[in-house]
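Per the UniProt record's numbering, the very first residue in the sequence shown carries number 1; after that it's consecutive. Here a beta-carbon is modelled for each residue, glycine too, at the ideal position from N, C-alpha and C. Have a look at the structure below before the remarks.
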Amino acid sequence: MSFKESGFSKDSSLKTAAEEAPIHRIRITLTSRVVKSLEKVCADLIKGAKEKNLKVKGPVRMPTKILRITTRKTPCGEGSKTWDRYQLRIHKRIIDLHSPSEIVKQITSISIEPGVEVEVTIADAA
């Protein structure tokens, strides 16, 4: 009786830790004022996830929030009415992953550019 005839397979008896761990739906939200650094972090995260053969959706580019403040240049009421216009642009990207939470810890351990906020939300895959 050979090994295959006995009903046992070498591949099915050995399971990795990643296959035994429950699969979660993980959402990574990246926020920054600088588009170039935001896109670099986004590309690094996706590259790391694809190297581990994970299911990746994104990056989803959310609409840019533009915060505006218009104020008078002069502190007193005298002089011509001149105005300063300031604005702050906030860019946001969303990446969805389907993987065990242990693998996400490895992926998110990459160097993150200064000024980029990373928020990781873990939900059960239903």
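Please state if the CB of residue j and the CB of residue i are separated by a distance shorter than 9 Å.
| i | j | result |
| --- | --- | --- |
| Arg-33 | Arg-89 | yes |
| Leu-45 | Ile-95 | yes |
| Ser-111 | His-24 | no |
| His-91 | Arg-61 | yes |
Per DSSP, what kind of secondary structure is residue i in: helix, strand or coil?
| i | result |
| --- | --- |
| Gly-58 | strand |
| Ser-101 | helix |
| Lys-47 | helix |
| Val-34 | coil |
| Lys-73 | coil |
Tell me which residues share the same chain as residue i and place their Cβ nearer than 8 Å to its Cβ, disregarding the 5 neighbours each side in the sequence.
| i | result |
| --- | --- |
| Lys-50 | Val-56 |
Can you give the beta carbon distance from residue i to residue j, rounded, assuming they're within the 8 Å contact cut?
| i | j | result |
| --- | --- | --- |
| Val-116 | Val-41 | 5 Å |
Considering Cα atoms alone, identify which of the options is closest to residue i.
| i | options | result |
| --- | --- | --- |
| Ile-103 | Ile-122, Lys-65 and Val-60 | Ile-122 |
| Thr-74 | Thr-82, Pro-114 and Leu-67 | Thr-82 |
| Pro-114 | Thr-71, Asp-124, His-24 and Leu-30 | Leu-30 |
Could you pull out every residue in the same chain whose Cβ sits closer than 7 Å to the Cβ of residue i, ignoring the five residues on either side in sequence?
| i | result |
| --- | --- |
| Ile-69 | Tyr-86 |
With a CB to CB cut of under 6 Å and the five nearest residues on each side skipped, what residues in its chain are close to residue i?
| i | result |
| --- | --- |
| Pro-59 | Cys-42, Arg-93 and Ile-95 |
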